[in-house]
Amino acid sequence: MNKIEGVNLLVDNADIGFVANSIGIETVKRGSSYFCLCPIPHHHDEHATNCFFKDGDNYMYCLVCHKTIDAIDLIRYTKGVPFYEAVRELWELSGCPDYVKIDEKKNTKKNLPLDYKTLRFLGITLPSYIPVPVGIDDYNRNAGRKKNQEKYSYMSNSLEYVRCKRERVTWMDFISTESLAEMVLNRAKEKMKAIQVCFRNIEDPYMKKILREEWDICVKAFSDCQNFLSSQNNPV
Ligand SMILES: [Zn+2]
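For the sequence shown, the working numbering gives the first residue as -3, with consecutive numbering after it.
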């Protein structure tokens, strides 16, 4: 059995909106709240009107189930992964905080500590949904459908109406962790060069401060990837 410490704190600190967004959950903003389909499996929710959270919330709440849903539950229910894996994913999304101690018996391979914020900063966007064709229509079925009715999605750039279903995906479906690390390493290098050039041409102290912060993000991503890649080549 794997031992984990600090899970409660991790859950209490989680930004539920960021987690929902990172694992590809669609949200609709109404007023100051964000609504999404209830992730609890026995609630076969079809309209995003019951389950909600606000900016900066750590939990979401479903008015039908009368239940608070934390980030680990959200990951478990949405991705169908066991508790331990959900903790691990939340830990990574939270930037791998030190107060969580994950004691792994089997897996001694070094983990790549990258969060989605860093990836986005480096201009690496990974799809959370892909369109999967399910049929061909001879006319656009969306014509005449009312505003609040769900729309069919069609593949763009095709002559026929190729109807698609949105399939949830994660970056692991596309590339290996090694390839991602190499990609991040190169992007961080490019970005650092660009920052150096900017830094020389900018006088404004505030801008210089921002550039320094961006530089630190690049350095961290760079060294994390380098450590990860060298641990893959020379396992402990
Ligand atoms: Zn519910």
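Glycine residues also receive a C-beta, built at the ideal position from the N, C-alpha and C atoms. Here the structure is a predicted model, which means the values were calculated and not measured.
For residue i, the three-state DSSP class (helix, strand or coil)
{"i": "residue 13", "result": "helix"}
{"i": "residue 57", "result": "strand"}
{"i": "residue 226", "result": "helix"}
{"i": "residue 218", "result": "helix"}
Residue i: first and last residue of the uninterrupted beta strand (DSSP E) it sits in
{"i": "residue 133", "result": "125 to 133"}
{"i": "residue 92", "result": "Segment: none, residue 92 is in no beta strand (DSSP E) and carries neither H nor E."}
{"i": "residue 50", "result": "47 to 50"}
Residues near residue i in its chain [Cβ-Cβ closer than 7 Å; skip 5 each side]
{"i": "residue 194", "result": "207"}
{"i": "residue 183", "result": "118, 119 and 120"}
{"i": "residue 131", "result": "159"}
{"i": "residue 288", "result": "With the chain represented from -3 up to 232, any question about residue 288 goes unanswered, as that position is not in the structure."}
{"i": "residue 5", "result": "95"}
{"i": "residue 112", "result": "18 and 89"}
The alpha helix (DSSP H) enclosing residue i, as first and last residue numbers
{"i": "residue 80", "result": "79 to 89"}
{"i": "residue 159", "result": "Per DSSP, residue 159 belongs to no alpha helix (DSSP H); it is in the beta strand (DSSP E), 157 to 164."}
{"i": "residue 74", "result": "67 to 75"}
{"i": "residue 116", "result": "112 to 117"}
Same chain, Cβ closer than 6 Å to residue i, five either side skipped, listed in chain order
{"i": "residue 98", "result": "0"}
{"i": "residue 163", "result": "126 and 128"}
{"i": "residue 57", "result": "64"}
{"i": "residue 220", "result": "109"}
{"i": "residue 24", "result": "31 and 44"}
{"i": "residue 103", "result": "Caution is warranted here: a pLDDT of 45 is assigned to residue 103, below 50, making its placement in the model unreliable, and the coordinate value is therefore given only provisionally. Closer than 6 Å at Cβ, skipping near neighbours: no residue."}
Own chain partners of residue i with C-beta closer than 8 Å, once the 5 adjacent residues on each side are dropped
{"i": "residue 137", "result": "148, 157 and 159"}
{"i": "residue 222", "result": "181"}
{"i": "residue 188", "result": "211, 214, 215 and 218"}
Q: Counting only runs of 3+ residues fully inside the segment 13 to 37, write out the beta strand (DSSP E) ranges in chain order.
A: Restricted to the segment 13 to 37, the beta strand (DSSP E) segments that are unbroken, complete and at least 3 residues in length are 24 to 26 and 29 to 32, listed in chain order.
Q) Under a criterion of Cβ closer than 7 Å to any non-hydrogen atom of ligand 1, which residues qualify, in chain order? A) So the residues near ligand 1 by this Cβ test are 34, 36, 39, 41, 46, 47, 58, 60, 61 and 63.
Q. Unbroken alpha helix (DSSP H) runs of length 4 or more, entirely within the segment 173 to 217: which are they?
A. Those alpha helix (DSSP H) runs which fall completely within the segment 173 to 217 and span 4+ residues are 173 to 197.
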